[in-house]
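There are 2 protein chains.
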Amino acid sequence: MDRADAGGRADKRKLYELLWETPGTPRRGPRPTLTLADIARAGVAIADADGLAAVTMQRVAESLDVTKMALYRYVPGKAELVALMIETAIGEPPAPPPGAGWREQLDHWARQIYDRFRRHPWSIPATVGPRLPGPNEMGWLERATAALTGTGLRGAELLDVAVLLLGHARGLAQQDAATPADAPGQHREAAFTVLLRGREEHFPAVTAAVRSAAAHNAPDQAFDFGLARILDGIALLVERRKRS
Amino acid sequence: MDRADAGGRADKRKLYELLWETPGTPRRGPRPTLTLADIARAGVAIADADGLAAVTMQRVAESLDVTKMALYRYVPGKAELVALMIETAIGEPPAPPPGAGWREQLDHWARQIYDRFRRHPWSIPATVGPRLPGPNEMGWLERATAALTGTGLRGAELLDVAVLLLGHARGLAQQDAATPADAPGQHREAAFTVLLRGREEHFPAVTAAVRSAAAHNAPDQAFDFGLARILDGIALLVERRKRS
DNA sequence: TTGAAACTGTGTCCGTCGGATACAGAGTAC
DNA sequence: GTACTCTGTATCCGACGGACACAGTTTCAA
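This is the structure we're talking about:
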């Protein structure tokens, strides 16, 4: 049973303090050999190298030359460790290109977060489910909403746009992570072709689409394509609001 | 260590047979007491009730009045069981509304898949990472691409559109699942308000957006909003292709 | 009719995981 | 110096996924 399900309010409070408050260092007893940042970085390194499943309290502790149980002096449990890892991996939001309009800013924002997801594929499964956002995560959200301030969109819509772009970046990063690294050329089409073989009459439209895509052997532009459609749709709304 | 990481080719082949081939029933030995569909349904029921973490070989077996190890006669491992559960939960794709244009079809498609994700929140974390799509999943993709056939979009773009819509439905369903069920009114804003309190100067744009959203106490329309933007953006492209 | 073969479900065992608890040593404040 | 507090450790536990050997059951072939 995952503690995230049954843990309840106490765990959530612990996580909040861990993410949002810098602990006032106590002045008694031996100095800690580790810091939260150390632990988070060690976890990220392991996850980057061998995936999220390889992030074990045991292994994180070994990479820090400490016993497994020592980690529990810093982190209440594994869920909180992963939360810290996410904050570390996502990092601080990048500065928007100076003097850019809302569209360029959002385009930049989406590409940056897409890049983070691709550099840390484990963060995609790690960020599903009910979660408490950390300061860095909130910082990214701030940048996205700030980009749209003054466009005439409503408050809720600003948040909706951020969620929309984030979902797209996540989805595409996941698709990239799903394609094996040994087929650099036709990522997605190759996997589908095998599945569709002999079943063309069941999936005629997909078959046609895959064949057409393979024939034009265009590079994988799914992220750019979706991003352009989304921004087009937002631009349409901005224009409409401006006129009214 | 998760077998999905290190398992390699043999596991993938097993999973393919499991998802795509109806096994020729052997005629020797005692008749099986279970079917794959039984097991998948039992797993779905447990996941719907208590979450994905509650789906244990032990518990699935108990709910079927069988020993844990009996399940391994049907399913190579837990990863494959979850894959079967996903196929069962997603189900066959719905028939498109007759006589509808591409936009209505895609709108319907997105709402339907959004609904599936919301009815089975566990399927969101279950469908991350490298996966082999099953027949039902491919069926959904078929419907989406079929809706756009004849619009002048390229083959790769049809697939991109499906990925885009799927990502949106996933993202929003996840956000819904993250909001506690005891706050029916202002879902998202309530959680943010607590985090932003006392930090308004750090996140001015988010603060303003959240306050504005809370003031207009509009119902949660994030899914509708994003879907409309996406379809607007696609419509723009379709128009452009039609003219050229 | 009588094995032999094949298949199903069971019981037992193992390694690994997250985590609780008790304890020993280290450092600080009085 | 001594009491207190904090750190890291050692040991233990239950639950998990899974391997393996075995017993019972059904069908096929002689």
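If you read the sequences in order, they're chains A and B. When we follow my numbering, the leftmost residue of the first sequence carries the number 1, and every step to the right adds one. When we follow my numbering, the leftmost residue of the second sequence carries the number 1001, and every step to the right adds one. Even for Gly, the Cβ is constructed at its ideal location relative to N, Cα and C.
Neighbour flag for residue i against chain A, beta carbons, 7 Å
i	result
residue 1129(B)	yes
residue 1206(B)	yes
residue 1116(B)	no
residue 1232(B)	yes
residue 1168(B)	yes
residue 1218(B)	yes
7 Å Cβ cutoff, residue i in contact with chain B
i	result
residue 75(A)	no
residue 123(A)	no
residue 171(A)	yes
residue 178(A)	yes
residue 226(A)	yes
residue 126(A)	no
residue 222(A)	yes
residue 243(A)	no
Contact list for residue i against chain A, beta-carbon separation under 8 Å
i	result
residue 1031(B)	None at all; the shortest Cβ gap to chain A is about 30 Å.
Local conformation of residue i per DSSP, three classes
i	result
residue 16(A)	helix
residue 36(A)	helix
residue 1173(B)	helix
residue 1167(B)	helix
residue 1021(B)	coil
residue 1221(B)	coil
residue 1185(B)	Confidence is the limiting factor: at residue 1185(B) the pLDDT is only 48, short of 50, which leaves the residue's position unreliable and the question unanswerable from this model.
residue 976(B)	Since the displayed chain B opens at 1001 and closes at 1244, residue 976(B) lies outside it and no answer follows.
residue 96(A)	coil
residue 1044(B)	helix
residue 155(A)	helix
residue 1(A)	Caution applies to residue 1(A), whose pLDDT of 38 falls short of 50 and renders its modelled position unreliable; the model cannot decide the point.
residue 244(A)	coil
residue 1056(B)	coil
residue 1145(B)	helix
residue 120(A)	coil
residue 1067(B)	coil
Neighbour list for residue i in chain A, Cβ cutoff strictly below 7 Å
i	result
residue 1175(B)	163
Within chain B, partners of residue i - CB distance below 7 Å
i	result
residue 229(A)	1164, 1230, 1233, 1234, 1237
Interface residues of chain A facing residue i [CB-CB closer than 9 Å]
i	result
residue 1211(B)	155
residue 1188(B)	156, 159, 163
residue 1133(B)	191, 192, 195
Worksheet item: Any residues in the segment 141 to 159 of chain A with a beta carbon nearer than 7 Å to a beta carbon of chain B? Which ones, in chain order?
Response: Hits within the stretch, in order: 141, 142, 145, 146, 149, 154, 155, 156, 157, 158, 159.
Worksheet item: Given a limit of 9 Å on CB to CB distance, which residues of the segment 40 to 60 of chain A reach chain B?
Response: Under the 9 Å Cβ criterion, the segment 40 to 60 of chain A contributes 50, 51, 52, 53, 54, 56.
Worksheet item: Mind listing which residues of the segment 62 to 90 of chain A have their C-beta closer than 9 Å to chain B's C-betas, in chain order?
Response: So the list is empty, because no residue satisfies the distance condition.
Discussion item. Give me the subset of the segment 91 to 102 of chain A whose CB atoms are less than 8 Å from a CB atom of chain B, sorted by chain position.
Written reply: Taking 8 Å as the cut-off between beta carbons, none of the residues of the segment 91 to 102 of chain A comes near chain B.
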